[in-house]
Amino acid sequence: MQNWTTDDAKVVYGLNKNDLHFLNITEEGNLCIELNGKRITIEDLVNRVHHEDGMKKGYTSSFTLRMPQLITYQILKLKRSFQKLIDDLDYEGDFCGIYPVKVNQRKDCVVPVIMSDPNYGIEAGTKAELHLIREVVGEEKHRLIICNGAKDPEYLSTIEEFTRDGYNIGISIESVDEANRVLDIFEPNEINLVLRLKPYLTVRGHWSHSAGRDSKFGLSIHDLFDVVDLLKSNGFENSVTTILGHVGSQITAIEDFRKFSRFMTRTFYEIRDMGFGNLDIIDFGGGLPIDYTSSHPPNMMELYATAIIEGIMDEMNNQIGERKAPDIMIESGRGITALSSLVLVEALEVRCVYPSVDDLPQLRKHLEAWISKLTAATSLKEILDIWEEFLSESMPEARSLSELKEQEKLRGAFRSEIRRHIADLGVDSVIANPVVEELWHPEHIVVGNFSVFNSAGDHVLVKQHFPILPVRDLHVMPETTVRLVDITCDSDGEISQFHRKGTGEIWYTQDYRPLTMPVERMGVGIPVGKLGNVKGSHFVIALTGAYQDVIEMDHNLLGDLPDVELLLDKDGKWETRWMAGAQNMEEILEDVGYFGLDIDEDPYMSGDD
Ligand SMILES: Cc1ncc(COP(=O)(O)O)c(C=O)c1O
Numbered sequence: 007m008q009n010w011t012t013d014d015a016k017v018v019y020g021l022n023k024n025d026l027h028f029l030n031i032t033e034e035g036n037l038c039i040e041l042n043g044k045r046i047t048i049e050d051l052v053n054r055v056h057h058e059d060g061m062k063k064g065y066t067s068s069f070t071l072r073m074p075q076l077i078t079y080q081i082l083k084l085k086r087s088f089q090k091l092i093d094d095l096d097y098e099g100d101f102c103g104i105y106p107v108k109v110n111q112r113k114d115c116v117v118p119v120i121m122s123d124p125n126y127g128i129e130a131g132t133k134a135e136l137h138l139i140r141e142v143v144g145e146e147k148h149r150l151i152i153c154n155g156a157k158d159p160e161y162l163s164t165i166e167e168f169t170r171d172g173y174n175i176g177i178s179i180e181s182v183d184e185a186n187r188v189l190d191i192f193e194p195n196e197i198n199l200v201l202r203l204k205p206y207l208t209v210r211g212h213w214s215h216s217a218g219r220d221s222k223f224g225l226s227i228h229d230l231f232d233v234v235d236l237l238k239s240n241g242f243e244n245s246v247t248t249i250l251g252h253v254g255s256q257i258t259a260i261e262d263f264r265k266f267s268r269f270m271t272r273t274f275y276e277i278r279d280m281g282f283g284n285l286d287i288i289d290f291g292g293g294l295p296i297d298y299t300s301s302h303p304p305n306m307m308e309l310y311a312t313a314i315i316e317g318i319m320d321e322m323n324n325q326i327g328e329r330k331a332p333d334i335m336i337e338s339g340r341g342i343t344a345l346s347s348l349v350l351v352e353a354l355e356v357r358c359v360y361p362s363v364d365d366l367p368q369l370r371k372h373l374e375a376w377i378s379k380l381t382a383a384t385s386l387k388e389i390l391d392i393w394e395e396f397l398s399e400s401m402p403e404a405r406s407l408s409e410l411k412e413q414e415k416l417r418g419a420f421r422s423e424i425r426r427h428i429a430d431l432g433v434d435s436v437i438a439n440p441v442v443e444e445l446w447h448p449e450h451i452v453v454g455n456f457s458v459f460n461s462a463g464d465h466v467l468v469k470q471h472f473p474i475l476p477v478r479d480l481h482v483m484p485e486t487t488v489r490l491v492d493i494t495c496d497s498d499g500e501i502s503q504f505h506r507k508g509t510g511e512i513w514y515t516q517d518y519r520p521l522t523m524p525v526e527r528m529g530v531g532i533p534v535g536k537l538g539n540v541k542g543s544h545f546v547i548a549l550t551g552a553y554q555d556v557i558e559m560d561h562n563l564l565g566d567l568p569d570v571e572l573l574l575d576k577d578g579k580w581e582t583r584w585m586a587g588a589q590n591m592e593e594i595l596e597d598v599g600y601f602g603l604d605i606d607e608d609p610y611m612s613g614d615d
């Protein structure tokens with residue numbers, strides 16, 4: 007990799023493609039946002055915010071960037087993906103999108119959803135969410151509002167109030183008790199009902215337990231029969247308009263949606279045939295995945311739409327006689343909002359876990375015998391044996407701190423030699439195993455002014471991978487790799503995983519740590535161009551717009567970072583809009599019971615100016 011170019015960097019970081027299509031690299035090696043043909047570098051953005059908002063309350067060097075235009079982009083893309091197939095295949099049903107607000111209830115997220123499509127619907131799971139929806143929907147009462155989880159009478163009376171006010175509500179029922187509660191309050195002609203079913207099938211993915219018999223949600227098959235009888239005996243057959251199934255979030259095995267679609271379609275016709283003639287819609291819930299690793303096919307939305315529509319059509323062909331094509335409803339949340347936020351983290355400090363070496367020739371002299379052994383080694387096994395031998399022979403238990411420091415120098419230097427020899431072996435001989443991974447492990451730790459728990463909680467909760475990107479020096483072959491740790495006192499407060507793309511061979515950093523792999527694979531270590539420029543620069547944590555605001559945790563009383571909105575003005579120029587400063591300590595302390603403390607400051611580090 008002698009002639010490193012920004013195209014190589016795009017491969018390594020997965021930029022300018024798939025769900026990171028809006029991130030690119032300038033010729034000077036700066037990470038930039040590129041939308042509607044306009045570019046702004048992250049460094050310019052950070053400087054602009056510093057210059058314009060640096061004196062505002064709650065300003066910190068790190069912040070969350072909101073990009074509402076990417077919500078619109080995703081909504082239009084989803085709609086286009088379905089509409090194109092509907093047209094191409096002469097499918098007779100319609101498509102409708104529903105946004106489940108639980109994925110991100112922030113106003114700057116829900117309002118762009120509403121503004122992007124005059125007919126987009128919304129899904130609420132609680133009373134509070136329903137009130138939020140009234141606030142954003144306003145007088146646009148034609149928009150469908152699906153109310154999930156009508157578990158308590160108070161929630162139902164709020165729904166009743168909304169229905170009387172003329173809102174277009176569909177109540178989802180997922181137990182016999184829920185059905186009874188709904189029947190107690192509503193008359194048959196007052197309400198649309200959605201039967202939420204457990205999809206009896208297995209899909210692959212972290213949340214695959216959302217489907218199947220043991221799922222927390224939906225009617226079990228026997229409950230479905232009981233609810234059907236109950237509705238029929240009370241004259242509610244014509245109130246049922248929709249069946250709903252949700253197989254779990256982030257289902258990357260897109261083909262699994264085809265069998266889900268077939269299951270839902272079969273069920274749709276069976277329930278219609280039970281006397282529910284107004285049943286017109288299949289709501290396929292969420293699950294549309296985001297490509298967090300830039301390694302999936304570029305057109306996952308189209309593949310998803312294809313699996314759903316072809317699944318329906320397959321099943322229609324299996325039916326006897328002419329059948330009505332169901333309308334298709336999709337409740338994608340992650341797929342709509344993930345792109346719209348990213349976190350910009352200032353690097354406060356860079357630490358090295360090995361001592362610096364001031365006299366390399368002297369050190370190499372010490373290592374001479376070991377290095378010549380290494381030079382003679384011709385296989386990975388031999389190299390690793392030499393490393394093991396070196397550790398047991400040259401690293402006896404140190405009797406003083408200065409002896410330990412000298413050992414650390416030797417160990418660090420020989421570890422570098424070993425890495426170089428492993429790289430020299432060529433790709434066919436290098437099998438990444440735990441010892442090799444340990445040798446590749448980064449020796450530099452970057453302390454970022456943020457909390458993983460607050461800004462990217464899923465990294466801790468479900469090991470969700472988020473792309474991490476340095477913002478500068480992407481035009482040079484990376485010098486090394488680093489770990490990014492936060493300022494909480496928790497060792498889980500670290501994001502160092504890096505998705506090594508599959509390039510058929512291993513690309514290395516200047517210090518022989520892998521950037522890519524023959525076949526894609528997760529590893530540890532974020533590549534950086536010039537280590538000396540890292541302190542004071544920023545890292546981007548991308549694709550944080552879904553769920554991360556919802557699950558944020560105030561670990562160590564570190565609250566929300568500031569929010570800044572990025573907008574293109576009428577003349578095609580970028581504008582940043584300061585939305586809110588970091589949460590102040592007074593507010594966070596009140597949450598844990600300390601009232602009346604007059605501390606109007608945020609808890610994050612002030613950083614270097
Ligand atoms: C009923 C329902 N619809 C939609 C969603 C949103 O899923 P996703 O964010 O994967 O699109 C969920 C998520 O849990 C859900 O339970």
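The opening position of the sequence shown corresponds to residue 7 in my numbering, with each subsequent residue numbered one higher. For every residue, glycine included, the Cβ atom is placed at its ideal position computed from N, Cα and C.
Which first and last residues belong to the alpha helix (DSSP H) in which residue i is found?
i: P304; result: Neither: P304 is in no alpha helix (DSSP H) and is coded neither H nor E.
i: I392; result: L386 to S400
i: Y105; result: Taken as a continuous stretch (DSSP letters only), Y105 belongs to no alpha helix (DSSP H), being part of the beta strand (DSSP E) at F101 to P106.
i: G341; result: R340 to T343
i: Q75; result: Q75 to D94
i: K265; result: D262 to D279
i: G463; result: G463 to L467
i: G616; result: Absent from the structure is residue 616, since the part of the chain shown begins at 7 and ends at 615.
i: K371; result: L366 to H372
i: D14; result: T12 to Y19
i: I594; result: M591 to D597
i: L445; result: P440 to W446
Distance check for residue j and residue i, CA to CA, integer angstroms please.
i: T208; j: T271; result: 16 Å
i: L189; j: I175; result: 15 Å
i: R170; j: L199; result: 16 Å
i: E352; j: G418; result: 28 Å
i: S181; j: D229; result: 7 Å
i: N1; j: E337; result: What the structure shows of the chain is the stretch from 7 to 615, and residue 1 is not part of that stretch, so it cannot be assessed.
i: Q589; j: D492; result: 17 Å
i: P159; j: R187; result: 7 Å
i: S435; j: E526; result: 17 Å
i: F223; j: G327; result: 33 Å
i: E444; j: E500; result: 17 Å
i: P106; j: I287; result: 17 Å
i: Y275; j: P332; result: 9 Å
i: H57; j: P568; result: 15 Å
i: T70; j: K113; result: 15 Å
i: R149; j: G127; result: 5 Å
i: K469; j: V452; result: 20 Å
i: I392; j: I377; result: 10 Å
i: S226; j: D289; result: 17 Å
What are the boundary residues of the beta strand (DSSP E) that residue i is part of?
i: L71; result: F69 to R72
i: M528; result: R527 to V530
i: S178; result: N174 to I179
i: R489; result: T486 to V491
i: Q516; result: No beta strand (DSSP E) contains Q516, which DSSP labels as neither H nor E.
i: F456; result: Segment: none, F456 is in no beta strand (DSSP E) and carries neither H nor E.
So what does residue i bridge to, in DSSP terms?
i: L153; result: One point to set straight first is that residue 153 is Cys, not Leu, in the sequence displayed. In DSSP, C153 forms a bridge with A130 and I177.
i: V351; result: F545
i: N30; result: C38
i: I46; result: I39
i: L572; result: T582
i: P476; result: F545
i: K113; result: DSSP lists no partner for K113.
i: R357; result: I451
i: I249; result: L201 and I288
i: D333; result: I287
i: R506; result: R527
i: V534; result: T486
i: E500; result: V491
4-residue-minimum alpha helix (DSSP H) runs that sit fully inside the stretch 163-247, ordered along the chain: 182-191 and 227-239
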